[in-house]
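**Student:**
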Amino acid sequence: MANGKLFGTNYSPPDLVAKMTGKAKYAEDFRAEGMLMAKLLMSPMPHARVRNIDTRAAEAMEGVHAILTADDLPETDNLVGSDRALTMEPMYQGEPILAVAAVDEQTAANAIEAIRVDYEPLPFVINPLDSLRPGGPNARVGGNTVKDRKDVVEIKWTAQDFAEAGEEMPMGQPEEEFELGDIAKGFEEADLVLDETLYHQSQSHHPLESRSCMAYWQNDKLYIHVSTQSAQRTAPGVARQVGIDPTQVVLIAEYCGGGFGSKIGGTVNMAIAALLSKKAGRPVMHRVTRSEENAYGRARPGFQGRIKVGFKADGRITAFDMYLIQDNGAYGRSGDFTSASRCVSLNYTPLNMRFRGISILTNTPTRAAQRAPGGVQITAMVEPVIDKAAKELNLDRIEIRKINAPDNDTVYGSNQHNVTSAYVRETLDKAAEMVNWEEFKQQSGRTNGSKVTGVGVALSSYVAGSRGFDGLMVIKPDGNLYVHQGIGNLGTHSTFDTARVACDLLDIPWENTVVVWGNTGKHLPHSSVQAGSQTTHAHTRANLAAATALKKNLQEIAAKELGGSPDSYDVSGGRVHRKGNRASGMTLAHAAERAIELGAKYDGHEVAEDINEWTKTAAAGLAGQGAMGAAKDNYGGEGDLWSFVVGVAKVEVDRETGAVAIQHYTAVCDTGSVMNPRGLKAQILGGSVQGFGLARSQKWVYDPKWGVPFTQRLYNAKPPSILDVPLEMEGAAIEIPDPQNPLGAKGIGEAPFGAGVAAVLCAIQDAIGEFDLKRSPMMTDLIINQLENQAQPYKVLETDV
Amino acid sequence: MNIFQWEQNPWGQDILVRISWDLLWLAIIGGAAFVIGHFIYRAKNPPQAAEPATGSAADAVPEKVVRHSLVARLFHWTMAITMFTLLITAFFPIVGIQFEWLKIHWIAGLVLAGIIVFHIIHATFWMSLRDIWISSKDWAEFKLEVAHVLGTGKAPPKPGKYPVDHRIYHNLVTLAGVGVIASGLLMMVRIDTPLFARNPYLLSESTWGWVYVLHGLSSVGLVGLIMSHVYFAILPEKRWMTISMIAGWVTKKDFLANHDPERWVVTEKASK
Amino acid sequence: MAVIRDTIPAFELFQPTSLEDALALKRRYGKASWAYAGGLDSLDWFKDRIKRPDAVIDLSGVAELRGIRDVDDGVEIGAMSTLTDVETHAGIQSDFGLLSDAASKVATPQIRNQGTLGGNVSQDTRCSYYRGGWPCYRAGGNICYADTPTSINREHALFEADRCVAVNPSDTAPALIALDAKFVIQGTGGEKVVDAEDYFITPSTDITRMTILEPGDILTSIRIPGTWKGAQFYFEKVRDRQAWDFALVSVSSAMKISGGKIEDIRIVMNAVGPRPLRLHDVERQLKGQSATEDVGAAAGELATLGNRPLQHNAYKIPLMRNLVKRAIRGLEV
Ligand SMILES: Cc1cc2nc3c(=O)[nH]c(=O)nc-3n(C[C@H](O)[C@H](O)[C@H](O)COP(=O)(O)OP(=O)(O)OC[C@H]3O[C@@H](n4cnc5c(N)ncnc54)[C@H](O)[C@@H]3O)c2cc1C
Ligand code: SF4
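Chains as they are written, first to last, in the numbering used here: chain A, 12 to 812; chain B, 7 to 278; chain C, 28 to 360.
1. With 7 Å as the C-beta to C-beta threshold (strictly closer), list the residues of the stretch 17–36 of chain B near chain A in chain order.
2. Pull up the DSSP beta-bridge partners for Phe260(C), would you.
3. Which residues of chain C have a Cβ atom closer than 7 Å to the Cβ of Ile197(B), listed in chain order?
4. Once DSSP output is grouped into helix, strand and coil, what is the label at Gly316(A)?
5. Do Val474(A) and Ile275(A) have their C-beta atoms closer together than 8 Å?
6. How big is the Cα-Cα spacing for Ala59(B) and Asp260(B)?
7. Any heavy atom of ligand 4 closer than 7 Å to the CB of His125(B)?
8. Tell me, to the nearest whole angstrom, how far the beta carbon of Tyr103(A) is from that of Arg60(A); I am working on the premise that it is less than 8 Å.
9. What do you get for Thr547(A), buried or exposed, if any count of 16 or more other CB atoms within 10 angstroms of its CB means buried?
10. Helix, strand or coil, according to DSSP, for Asn14(A) in the structure here?
11. Quick check: the Cα distance between Pro80(C) and Gly702(A), rounded to an integer number of angstroms?
12. Taking 8 Å as the cut-off, decide whether the C-beta atoms of Gln10(A) and Val279(A) are in contact.
13. Please report the straight-line C-alpha distance between Asp115(A) and Ala49(A), rounded to a whole angstrom.
14. Given a cut-off of 8 Å on the beta-carbon distance, is the pair Ile292(C) and Ala281(C) in contact?
15. At a cut-off of 7 Å, would you count Arg165(C) as near ligand 2, judging by its Cβ distance to the nearest heavy atom?
16. Can you name the residues of chain C whose CB is closer than 9 Å to the CB of Ala341(A)?
17. Quick one, which of Val113(C), Gly66(C) and Met107(C) has its alpha-carbon nearest Thr44(C)'s?
18. Looking at C-alpha atoms only, which residue of Pro185(A), Val157(A), Asn121(A) and Pro145(A) is the closest neighbour of Ala174(A)?
19. Quick one: is the Cβ of Ile138(C) within less than 7 Å of any heavy atom of ligand 1?
20. When every heavy atom of ligand 2 is checked, does at least one fall within less than 7 Å of the C-beta of His183(C)?
21. Do Gly216(C) and ligand 1 come close, with the Cβ less than 7 Å from some heavy atom?
22. How big is the Cα-Cα spacing for Trp31(B) and Val41(B)?
23. Below 9 Å on C-beta distance, what does Tyr168(B) contact in chain A?
24. Shorter than 7 Å, the distance from the beta carbon of Gly243(C) to the closest heavy atom of ligand 1, or not?
25. Quick one: is Tyr164(C) near chain A, going by C-beta distance under 8 Å?
26. Taking C-beta pairs closer than 7 Å, name the residues in chain C that Met790(A) reaches, listed in chain order.
27. Distance cutoff 8 Å, beta carbons only. Does Asn796(A) sit that close to anything in chain C?
28. Considering just the uninterrupted stretch of the alpha helix (DSSP H) at Arg412(A), what are its terminal residues?
29. What residues in the stretch 166–181 of chain C have a beta carbon less than 7 Å from any beta carbon of chain B?
30. Output yes or no for whether 8 Å exceeds the beta carbon distance between Val478(A) and Asp644(A).
31. In terms of residue numbering, what span does the alpha helix (DSSP H) encompassing Val435(A) cover?
32. State the CB to CB distance for the pair His216(A) and Phe314(A), rounded to an integer number of angstroms; the pair is presumed to be in contact (CB under 8 Å).
33. Report buried or exposed for Arg311(A), applying the criterion of at least 16 other Cβ atoms within 10 angstroms of its Cβ.
34. To the nearest whole angstrom, what separates the beta carbons of Lys258(B) and Glu57(B), a pair I think is in contact under 8 Å?
35. Go through its chain and collect everything with a Cβ distance to Cys191(C)'s Cβ below 6 Å, but skip five positions before and after it.
36. For Phe41(A), which option in Lys158(A), Ser223(A) and Thr20(A) has the closest C-alpha, if you only look at C-alpha atoms?
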């Protein structure tokens with residue numbers, strides 16, 4: 012299949028022009044008659060109890076229509092673990108307390124200024140280690156960690172744990188642990204043991220579009236325009252938050268200006284516009300500003316880590332002992348730290364391994380998956396350590412990664428799963444070949460005036476697919492193929508890419524294909540969430556299954572009308588025809604008409620039993636419109652899906668000013684067959700650039716005394732600008748198909764990010780010539796201090812400084 | 007008019023920052039009103055030369071009576087200079103005359119604190135504390151004095167070394183001075199000086215608020231007090247006293263006109 | 028009062044078309060007025076509802092404030108000229124390249140298209156605490172939140188701090204001082220022309236202002252005399268990312284060399300103190316010396332004398348030292 016006409020070729024997705032010209036409507040661009048504007052009152056304190064709210068003055072103001080507080084939210088289960096749209100016990104500065112709907116934002120803001128909230132400040136904590144200290148503050152009243160996803164409990168380490176650690180990270184009682192092999196034996200066998208205390212920051216997602224939302228009600232149905240990564244899968248989320256049945260929700264989300272994991276199934280604030288609208292009896296728009304986005308949006312959890320690695324003289328890792336303290340934010344429980352253990356187990360296949368971890372609540376924004384959750388952090392932390400080992404053992408930096416690399420037979424992680432494919436050595440080889448590594452690495456340490464060059468390599472991995480979702484498509488009497496896509500339009504193009512699989516199978520030109528997406532009123536099938544790099548894999552398969560079912564229906568329709576067995580028919584050139592004789596058959600338009608006449612499974616009045624209820628409802632909505640294909644991905648498979656990226660960076664560090672210029676970057680990936688080469692490049696280079704930000708300029712800063720952040724505006728959060736991106740950037744794939752996807756494709760959304768951070772960090776370390784990188788980002792001040800042998804202003808384990 | 011300046015701290019809580027500078031104007035207006043009021047009254051009721059004291063004690067008074075020792079005069083004038091420096095550096099910028107005031111201000115504050123410590127020691131051991139103290143008996147005399155000024159009573163008895171109004175004044179200045187110096191010294195922790203490591207979080211927000219209020223109230227009080235002090239010092243009938251603060255002594259005539267030699271016994275040692 | 032940000036409160040907008048009208052409005056509203064140039068600093072304050080002027084006076088319609096004119100041997104730049112105008116003006120590029128260089132390093136092209144030279148030199152500090160609306164000294168309170176035992180003060184001052192440890196963020200201001208520019212101010216007291224250096228003040232003079240501008244004043248133009256025309260210029264700004272970022276430290280210098288020796292030099296650092304810091308001692312020391320690496324290094328040492336670092340900004344000391352050195356020796360070693 013990988014050699015279909017469309018699969019593997021570049022094209023312009025149908026949403027491109029709208030996006031480029033500004034015609035595309037995002038949630039914030041919609042208007043409705045009588046629409047009110049919402050504004051939020053946000054907690055000024057990192058942790059407090061709201062004792063009283065006096066809204067009288069605000070209510071008396073002209074133009075104020077409704078005020079929503081936490082009391083107006085529907086009861087949902089699991090209140091302890093996760094956050095809701097509004098709260099009476101804010102757990103981080105900026106958590107919303109109430110919302111006002113008024114005729115315009117100015118009035119709403121004036122109303123908020125007129126509201127008096129009486130807060131009782133409660134103890135708060137920003138650095139997880141402070142909370143683990145005996146007598147340290149807890150982020151929540153009941154404790155500092157969430158157990159079993161529901162109970163808040165307290166864990167404190169002993170004074171002795173802290174005393175014994177000295178300057179290194181203390182390692183008290185963990186919450187989670189596993190051991191593979193015999194870690195002690197592994198260290199005994201090692202020729203070199205490195206024991207490092209490391210830090211990786213927390214970071215906001217910074218999607219370009221904030222989580223704005225507009226809602227109105229008609230005949231007891233909620234029409235809601237949201238910014239979400241997924242589409243079909245977001246509707247139940249809205250329903251749950253608003254306290255209604257999913258069938259009452261019409262969700263419109265045709266475009267999404269990025270989410271990076273922060274808007275997977277929608278966002279908690281979606282309830283605000285919906286419920287305010289209900290209360291006021293008018294449409295409500297809630298525009299979220301940049302600083303609000305960074306307050307009650309989501310963030311990647313930071314890690315404080317102690318990592319001890321044993322190497323044989325040839326670089327093989329005999330033992331990998333890792334302990335991570337995860338900065339969890341105040342709500343829920345992030346899985347990043349356990350994902351990190353899986354990445355380590357897979358990337359380095361250590362002969363013996365132990366993982367210990369604890370996730371501590373802090374009074375900082377709610378955490379969520381962020382592009383390669385756990386993977387980015389651990390890659391940025393460990394890859395420089397691998398380089399340190401390479402340096403000490405006098406090994407080539409690509410070789411040390413190759414000797415530890417996984418392959419198709421690798422089993423990994425605490426449950427010892429296998430993977431569908433892992434062509435990491437091939438990826439490393441291709442990267443080496445592309446940059447001409449032997450020559451490339453000679454540039455390390457080369458000086459040019461005050462500038463010195465450094466090169467770095469990094470390996471990163473992340474999950475790349477899932478199975479078992481549904482495809483739904485119809486050929487209508489107009490002869491066109493309508494592919495209904497339940498996945499969101501996050502900007503990765505997979506909404507369109509994966510539809511092209513059907514075109515290839517049915518030999519329908521792209522021009523005759525209509526992708527239907529982004530509106531649950533338009534009958535969307537049950538889909539994977541647009542996250543975890545799942546959609547490429549999951550929905551090439553789902554659409555292949557549905558197209559196959561459709562093809563079968565077409566063949567049967569032709570056989571019914573023209574005689575012979577269905578197998579003697581083929582679908583191509585816009586016709587169902589006898590194999591080898593295109594003239595003998597019918598047009599697809601005609602077949603569609605026949606399908607409607609035949610009814611039953613042909614036009615969707617009957618669908619396969621095993622498809623999801625959502626898909627059944629959608630199919631029922633489409634039934635009778637043409638020839639339908641509706642099917643579940645039953646291709647099966649064994650093992651987890653992972654893709655891999657190798658990043659190679661060259662930087663120039665000015666030894667006098669600490670300025671860093673990334674001069675070259677190459678990313679090579681193992682992502683199976685390439686579906687959309689241009690889209691792939693955008694993914695891997697875009698992800699890398701996001702990585703440059705975490706390596707160089709982007710960080711969270713909190714004032715520790717007040718628990719208030721200072722990096723909520725883009726200009727002080729400092730994501731990379733285009734001038735921080737090298738002019739020379741290459742992206743490529745090794746293009747070895749994944750053996751378990753009939754189409755050979757795996758996802759690639761996430762893995763590039765970690766490689767981008769780590770390769771640049773490694774290159775900076777190489778340029779400075781000191782392989783002792785303890786924390787990132789390596790911002791100008793840290794580099795200067797290091798070059799000048801000046802003390803750093805903070806210790807390794809300090810957070811958010 | 008506000009009495010206090012409030013701000014919202016980073017958590018949105020109301021915090022006391024300092025007195026409102028409206029109070030400065032209030033003190034100036036109050037001081038001026040007193041001066042003008044007194045001046046008008048004085049014009050209507052011109053001061054008459056008092057009957058000189060007589061008797062054996064009066065006869066024993068020498069021609070020149072030492073009223074202020076050299077040390078006391080030095081103290082007074084140093085204090086005057088530092089006080090004016092402090093007030094100018096404090097209040098000129100507030101009323102809009104900008105210059106680099108802070109360093110001069112805290113250095114002058116330290117000088118003032120130093121000489122006051124000296125003054126306390128000196129006064130305790132070398133001067134008669136009783137001269138300046140106020141007792142309940144003084145209260146009756148003070149009432150008489152006020153009544154006399156208002157024209158309803160007979161002249162009060164002549165005072166000893168310091169008339170009761172002087173003593174009240176001194177004690178008010180002491181109070182304001184102690185307030186301003188104690189708070190001022192603490193406030194130095196908030197700024198960057200070579201003396202302490204700067205730590206604005208040393209005290210709680212509300213404690214700091216009161217420290218600033220104390221500093222403000224005392225200094226604004228001093229403005230009023232000093233205005234009246236200067237006013238009296240330049241009145242013709244009080245000039246002998248002003249001169250004595252420069253020269254150190256008073257003539258026998260002035261002495262007998264204004265003091266009761268029974269109550270201020272000029273010992274041999276004090277006269278020259 | 029609950030705090031809300033990101034929504035501009037109502038104000039009265041005036042759009043005068045003559046300087047006279049603008050000045051009259053400034054006089055009428057005094058402290059409650061706000062001169063509005065490109066809005067890149069102004070709007071930040073408005074939308075966060077921290078500064079709430081009653082009357083906003085938009086200067087964009089005042090023709091007298093626009094345009095770049097040749098005068099005598101130099102140029103006169105209207106205060107409302109955009110940074111892009113300044114950056115791309117051929118005369119400035121050829122004669123006073125220091126200024127076009129500095130202007131070109133401000134923020135982003137979009138901001139330079141909108142931001143004005145007058146606004147750029149008059150902009151307020153970027154201290155995060157102050158910008159967050161905290162009631163610090165600069166905001167009229169009695170505490171500096173940026174200089175406590177736990178403050179985050181990586182971007183703050185090494186020199187001339189007095190209670191407030193904030194720095195001047197402008198890139199063009201130090202360049203204008205190095206070029207010995209004169210600032211023309213119209214106000215209640217008529218016209219005033221001051222040296223660029225004297226336009227900026229430290230908190231010890233007035234902790235709530237960055238410049239000498241009084242509430243009734245308008246900066247009308249900036250005159251660059253011919254004195255430094257075609258001198259050897261050096262501008263360098265170190266920042267965390269290459270666009271959309273304020274200087275961590277910047278250096279601007281103008282140097283005249285004759286017979287291999289430095290005949291005259293002006294050198295100014297920014298982002299190290301509350302106003303652009305002219306290095307008078309360094310200038311004196313350099314006169315008559317040759318512009319070499321060693322001389323530059325010695326100048327760098329001298330430049331940093333008397334610094335007072337805070338917890339997080341000691342990196343600025345070597346950075347400043349090295350930038351002075353680079354300004355003297357030039358980039359090539
Ligand atoms: C994200 C961001 C990044 C930036 N980065 C940089 C940078 O790297 N380097 C840099 O130098 N600057 C930077 N700036 C500042 C910007 O370039 C503007 O120059 C500056 O904010 C003010 O210019 P403006 O014309 O927008 O003036 P405004 O914002 O309108 O005014 C600024 C101030 O000056 C006063 N003012 C303006 N004009 C006059 C006048 N003629 N007379 C009297 N008062 C006047 C206003 O009242 C106001 O107080 C940045 C700004 C932003 C928002
Ligand atoms: S440095 Fe200045 S502006 Fe910043 S908090 Fe301190 S006083 Fe305010």
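Note that the Cβ used here is the ideal one computed from N, Cα and C, for glycine as well. In this text the structure is predicted, and so the values were computed from the model without any measurement.
**Tutor:** Let me lay it out:
1. Sequence-ordered contacts of the stretch 17–36 of chain B with chain A read Trp17 and Gly18 [C-beta pairs closer than 7 Å].
2. The count along the third sequence starts at 1 and reaches residue 260(C) at position 233. Phe260(C) is bridged by DSSP to Ala281(C).
3. Here residue 197(B) is taken as the residue at index 191 of the second sequence, counted from 1. Result: Arg190.
4. Position 305 of the first sequence, counted from the start, is the residue given in the question as residue 316(A). Of the three classes helix, strand and coil, the one that applies to Gly316(A) here is strand, per DSSP.
5. Stepping through the first sequence from its first residue, residue 474(A) is reached at position 463. Stepping through the first sequence from its first residue, residue 275(A) is reached at position 264. Contact: no.
6. To locate residue 59(B), count along the second sequence from 1; it is residue 53. To locate residue 260(B), count along the second sequence from 1; it is residue 254. About 10 Å.
7. What this structure holds is ligand 1 and ligand 2, not ligand 4.
8. On the first sequence, position 92 is the one that residue 103(A) refers to. On the first sequence, position 49 is the one that residue 60(A) refers to. About 14 Å; that fails the 8 Å criterion.
9. The residue given as residue 547(A) occupies position 536 in the first sequence. Buried, since its Cβ has 16 or more Cβ neighbours within 10 Å.
10. Here residue 14(A) corresponds to residue number 3 of the first sequence, with the count starting at 1. Its pLDDT being 48, under 50, Asn14(A) is placed unreliably in this model, and the value from its coordinates should be taken loosely. Asn14(A) sits in coil when the DSSP states are folded into three classes, being neither helix nor strand.
11. On the third sequence, residue 80(C) is found 53 positions in, with the first residue counted as 1. On the first sequence, residue 702(A) is found 691 positions in, with the first residue counted as 1. In this structure, the alpha-carbon of Pro80(C) lies about 42 Å from that of Gly702(A).
12. As displayed, chain A neither begins before 12 nor continues past 812, which places residue 10(A) out of reach and without an answer.
13. By one-based count along the first sequence, residue 115(A) stands at place 104. By one-based count along the first sequence, residue 49(A) stands at place 38. When the Cα atoms are used, Asp115(A) and Ala49(A) turn out to be separated by approximately 8 Å.
14. Here residue 292(C) refers to the residue found at position 265 when the third sequence is read from its first residue. Here residue 281(C) refers to the residue found at position 254 when the third sequence is read from its first residue. Contact annotation: Ile292(C) and Ala281(C) have beta-carbon atoms nearer than 8 Å.
15. For the purposes of this step, residue 165(C) is taken as the residue at position 138 of the third sequence. Checking the Cβ of Arg165(C) against ligand 2 gives yes.
16. Residue mapping note: residue 341(A) aligns to position 330 of the first sequence, counting from 1. Listed by position along chain C, the residues whose Cβ is nearer than 9 Å to that of Ala341(A) form an empty set, because the closest Cβ is around 20 Å away.
17. Here residue 44(C) is taken as the residue at index 17 of the third sequence, counted from 1. Of the listed residues, the one whose Cα sits closest to Thr44(C) is Met107(C).
18. Taking the first residue of the first sequence as 1, we reach residue 174(A) at position 163. Selected option, being the one with the closest Cα: Pro145(A).
19. As a working note, residue 138(C) is residue 111 in the third sequence. Correct: Ile138(C) has its Cβ closer than 7 Å to ligand 1.
20. What you label residue 183(C) is simply residue 156 of the third sequence in a count that begins at 1. True, at least one ligand heavy atom lies under 7 Å from that Cβ.
21. Within the third sequence, the letter at position 189 stands for residue 216(C). No, since every heavy atom of ligand 1 falls outside the 7 Å radius drawn around the Cβ of Gly216(C).
22. Your numbering for residue 31(B) matches position 25 in the second sequence. Your numbering for residue 41(B) matches position 35 in the second sequence. Spanning the two alpha carbons is a distance of roughly 15 Å.
23. Against the second sequence, residue 168(B) aligns to sequence position 162. Those within 9 Å of Tyr168(B) in chain A number zero; the least Cβ separation is about 51 Å.
24. Taking the third sequence and counting its residues from 1, one reaches residue 243(C) at position 216. The answer is no for Gly243(C).
25. One-based indexing of the third sequence puts residue 164(C) at position 137. With 8 Å as the cut-off, Tyr164(C) does not count as an interface residue toward chain A.
26. Taking the first residue of the first sequence as position 1, residue 790(A) is located at position 779. Under the 7 Å cutoff, chain C gives Asp267.
27. By 1-based counting over the first sequence, the position of residue 796(A) is 785. By the rule that beta-carbons nearer than 8 Å mark a contact, Asn796(A) touches chain C.
28. Stepping through the first sequence from its first residue, residue 412(A) is reached at position 401. Arg412(A) -> alpha helix (DSSP H) spans Arg408 to Ile414.
29. Under the 7 Å Cβ criterion, the stretch 166–181 of chain C contributes Gly168, Asn169, Ile170, Cys171, Asp174, Thr175 and Pro176.
30. Here residue 478(A) is taken as the residue at index 467 of the first sequence, counted from 1. Here residue 644(A) is taken as the residue at index 633 of the first sequence, counted from 1. Checking the displayed sequence, the identity of residue 478(A) turns out to be Arg instead of Val. Yes.
31. For the purposes of this step, residue 435(A) is taken as the residue at position 424 of the first sequence. From DSSP, the alpha helix (DSSP H) with Val435(A) extends over Val435 to Val446.
32. By 1-based counting over the first sequence, the position of residue 216(A) is 205. By 1-based counting over the first sequence, the position of residue 314(A) is 303. The C-beta separation of His216(A) from Phe314(A) comes to about 17 Å, leaving the pair out of contact by the 8 Å criterion.
33. Position 300 of the first sequence, counted from the start, is the residue given in the question as residue 311(A). By the neighbour-count rule (16 or more Cβ atoms within 10 Å), Arg311(A) is buried.
34. Here residue 258(B) refers to the residue found at position 252 when the second sequence is read from its first residue. Here residue 57(B) refers to the residue found at position 51 when the second sequence is read from its first residue. Between Lys258(B) and Glu57(B), the beta carbon gap of about 15 Å keeps them out of contact (Cβ cut-off 8 Å).
35. In the third sequence, residue 191(C) corresponds to position 164, counting from 1. Beyond the five residues adjoining it in sequence on each side, Cys191(C) comes within less than 6 Å, by CB distance, of Tyr164, Arg165, Cys171, Pro230 and Ile234 in the same chain, given in chain order.
36. To locate residue 41(A), count along the first sequence from 1; it is residue 30. Of Lys158(A), Ser223(A) and Thr20(A), the residue nearest in Cα terms is Ser223(A).
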